[in-house]
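Quick notes on the structure that follows.
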Amino acid sequence: MSRNAEALATIRARAGEEPVKLGLILGSGLGHLAHAVDGVAIPYGDLPGFPHVGVSGHNPHLHIGMLEGVRVAVFGAREHFYENGNSAAMRPAIEVLKDLGADHLILTNAAGSMRPDIPPGDLMLLSDHINYNGRNPLIGERTDARFVPMTDAHDPDIRKALSDSAKACGIDLKDGVYIWYSGPSFETPAEIRMLKLLGADAVGMSTVPEVILARFMGLKVAAISTITNMAAGMSDEKISHEHTKAMAPLGATKLERILRHYLNSLR
Ligand code: HPA
C-alpha cells in the first residue's frame with residue numbers, strides 16, 4: 610500500500626468514510642479552532658507522510674468531523690520550509706485532503722504587516738502572493754501538470770464569500786499581497802523596505818508552497834493572515850516567535866468568527 614493510501618485507510622477507519630467538504634490549515638497560535646471540531650483528532654505521527662512538526666505553538670493533529678454543520682479536515686499544524694528546507698513537506702497531507710473528497714482549502718498564518726493601516730490584531734485576506742523564497746514544491750514533478758497557472762490562485766469566489774462573512778460579522782477584513790520569506794530568522798529592516806518595493810503588504814514564512822500544491826491538485830484556495838506585528842523596522846516593538854504566539858490570539862477570535870460564518874453559508 611502506498612504511503613498516502615495507508616494514511617487514508619487510517620483516517621477512514623477512525624473518522625468514517627464520509628467525504629469532507631474542505632480543509633483548513635491552521636497557523637501559529639491559531640490552533641484553538643481545531644478543538645471545536647466535533648469528531649476525531651488523529652496525531653500526525655499515525656499518518657505516514659504527514660510532517661514531523663517541530664515548531665512550538667502548533668498542534669500536530671488532523672481533526673476530522675463537523676464544524677458549523679460542515680464536514681471538515683482541520684490540520685492543526687504545518688511543516689514550514691525553514692524546518693528541513695523541503696518546500697513540498699505538506700504535499701502528502703494535501704494529497705490526502707484531496708482524496709478525502711475536499712474541493713477547497715483555506716490556509717491561515719501569522720504574518721508581519723508592512724502597511725500602517727493593517728496593524729497587529731488585524732486580519733488580511735490574501736488577494737495574491739509573491740514567491741520571494743523562489744523554491745517551488747513542484748520542482749522534480751515530471752508531468753505537464755506541473756505548469757500550474759497561478760492567475761486567480763486565490764479563488765475569487767471563496768475570497769468574496771469570506772469577505773461577505775467578515776462583513777456580516779462586523780469584522781474589518783483587509784485585503785493584500787503576502788510575500789513568502791524563507792525564515793526562520795526574521796527580516797532585516799532593509800529587507801522589509803525591499804519587500805515593500807516589490808509590492809507586498811504582509812510577510813510570512815509559510816502558505817505559498819501550500820497554495821501551489823493545492824492548485825496543482827485542483828483544489829480551490831483562499832488564505833487569511835493574522836497580523837501579529839509590524840514588520841522589522843516599522844515599529845519599536847521587538848519581533849520574536851514568542852511575540853508572534855502571544856499576539857496571534859488577538860486575531861484568532863475574529864478569524865474563528867469569520868470561518869464559522871463562512872462554514873454556515875456552505876450548508
Ligand atoms: N516576518 C515573517 N514572518 C512572520 C512575521 C514577520 O514579521 N510575523 C509573523 N510571522
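If you number the sequence shown the way the working numbering does, the last residue is 876 and the count never jumps. Quick reminder that beta carbons are idealized off the backbone N, C-alpha and C, glycines included.
Of the residues Met856, Tyr787 and Tyr871, the one whose Cα lies closest to the Cα of Ser834 is Tyr787. Counting of Cβ neighbours within 10 angstroms places Leu806 among the exposed residues, the total staying below 16. Counted as a single uninterrupted DSSP element, the alpha helix (DSSP H) harbouring Ile703 occupies residues Arg700 to Asp708. Taking C-beta separations shorter than 6 Å and ignoring five residues to either side along the sequence, the partners of Leu859 in its chain run Gly730, following chain order.
A direct Cα-to-Cα measurement between Asp761 and Gly625 gives close to 34 Å.
At a Cβ-Cβ threshold of 7 Å, Asp712 and Leu617 do not count as neighbours.
Using a cutoff of 6 Å, the CB of Gly721 counts as near the ligand HPA, since one of the ligand's heavy atoms is closer than that. Rounded to whole angstroms, the separation of the alpha carbons of Asp753 and Glu851 is 42 Å. Annotation for Ala777: the continuous alpha helix (DSSP H) segment containing it runs Pro765 to Ala777. Counting only the Cα atoms, Met856 lies some 27 Å from Phe659. At a threshold of 6 Å, Thr837 counts as near the ligand HPA, since its beta carbon sits closer than that to one of the ligand's heavy atoms. Taking 7 Å as the cut-off, the Cβ atoms of Ala643 and Gly685 count as close. The C-alpha of Pro765 lies about 15 Å from the C-alpha of Pro758.
Look at Val812: its beta carbon is less than 6 Å from one of the heavy atoms in the ligand HPA.
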